[in-house]
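Okay, so here's the structure we're looking at.
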Amino acid sequence: GAVVSQHPSWVICKSGTSVKIECRSLDFQATTMFWYRQFPKQSLMLMATSNEGSKATYEQGVEKDKFLINHASLTLSTLTVTSAHPEDSSFYICSARKQGPTGHEQYFGPGTRLTVT
Amino acid sequence: DQQVKQNSPSLSVQEGRISILNCDYTNSMFDYFLWYKKYPAEGPTFLISISSIKDKNEDGRFTVFLNKSAKHLSLHIVPSQPGDSAVYFCAATGTSYGKLTFGQGTILTVHP
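The listed protein sequences derive, respectively, from chains A and B.
The first sequence runs contiguously to residue 196 in the working numbering.
The second sequence runs contiguously to residue 113 in the working numbering.
Structure, rendered in structure tokens:
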């Protein structure tokens, strides 16, 4: 199998606070994990690529100091939204790439709904 | 610049018939293509993929066709079932990329 979990599934926080989202690959090791953001009725927007043991690579326009990514082990990556604002409210989804014959398939977590009030 | 395009925002099909979802790409460096299914407020679920060295890949009710010269791929679902109703995303990547580029998605509705 290839199961990816995210925690929490939803979170409400006050403006100015920080929120941490965890992404875990449950039955496989993932040297690379990805963080996406999805706005209503839009496609998934890649935010950053997280490699185990090294710094994340952020996509253009994504503030690395605001969206802190840590990939401390082969099964866990975390995304911390720092000093959250209402415009950060969104659906955040992680994925993990499973090593295999092609190595291209990414398996997604169930997503985290963040609401900043 | 939208490198992966799904030009049909929605598709409606009768149960038991064939669903054909289309996807076009512009980047000739893409050499691996994937289809994902997504329900609201959930993460995408991997369905099927195809390498550029093939022109067809089949898995149960799902078949993906790739036309490299036209930079076009399609997903066929036969027979369609009401449970197939969801948003379908095509995605593309290159061997040296790692990251996926997604299309905008197509909402498939299968009527009983």
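Every residue, glycine too, gets a C-beta built ideally from N, C-alpha and C.
Counting of Cβ neighbours within 10 angstroms places Met126/A among the buried residues, the total reaching 16 or more. Cβ-Cβ distances below 7 Å link Lys72/B to Asp25, Tyr26 and Thr27 in the same chain, with the five nearest sequence neighbours on each side left out; the list follows chain order. For Gly190/A, the CB contacts under 8 Å within the same chain, skipping 5 residues up- and downstream, are Gln85, Ser88, Gln117, Phe170, Tyr171 and Ile172 in chain order. Look at Gly84/B: its C-beta is not under 7 Å from any C-beta on chain A.
Residue burial is scored here from C-beta neighbours: Lys177/A has at least 16 other C-beta atoms within 10 angstroms and is therefore classed as buried. The beta carbons of Thr102/B and Gln7/B sit no closer together than 7 Å. Annotation: Cβ neighbours of Glu184/A in chain B (cutoff 8 Å, chain order): Leu35, Phe47 and Ser50. Closest option to Arg192/A, judged by alpha-carbon separation, among Asp56/B, Lys100/B and Ala42/B: Ala42/B. Residue pairing for Met112/A: DSSP places it in a beta bridge opposite Ser129/A and Ala175/A. If you check the CB distance, Phe31/B and Gly95/B come in under 7 Å.
In the DSSP assignment, Gln105/B falls outside any beta strand (DSSP E), carrying neither H nor E.
With its beta carbon at least 7 Å from every one in chain A, Lys57/B lies outside the interface.
Every beta strand (DSSP E) of 3 residues or more that sits fully in the region 34–102 of chain B is shown, in chain order, as 46–52, 57–60, 63–68, 73–78 and 87–94. Between the region 49–61 of chain B and the region 128–137 of chain A, the count of C-beta pairs closer than 8 Å stays below three; the two stretches do not touch. Short of 6 Å from the beta carbon of Ala175/A, and not among the five residues preceding or following it, lie these beta carbons of its own chain, in chain order: Val83, Ser104, Ala109, Met112 and Tyr186.
Annotation: Cβ neighbours of Lys100/B in chain A (cutoff 7 Å, chain order): Phe113, Leu125 and Thr128.
Judged by their CB atoms, His164/A and Ser156/A are not nearer to each other than the 7 Å cut-off. For Ile91/A, the closest Cβ of chain B is not nearer than 7 Å. The beta carbon of Ser122/A sits closer than 7 Å to some beta carbon of chain B. Here Asp167/A carries a helix assignment [DSSP, helix/strand/coil].
Around the beta carbon of Lys93/A, fewer than 16 other beta carbons lie within 10 angstroms, which makes this residue exposed.
Under the three-state reduction of DSSP, His112/B is assigned to strand.
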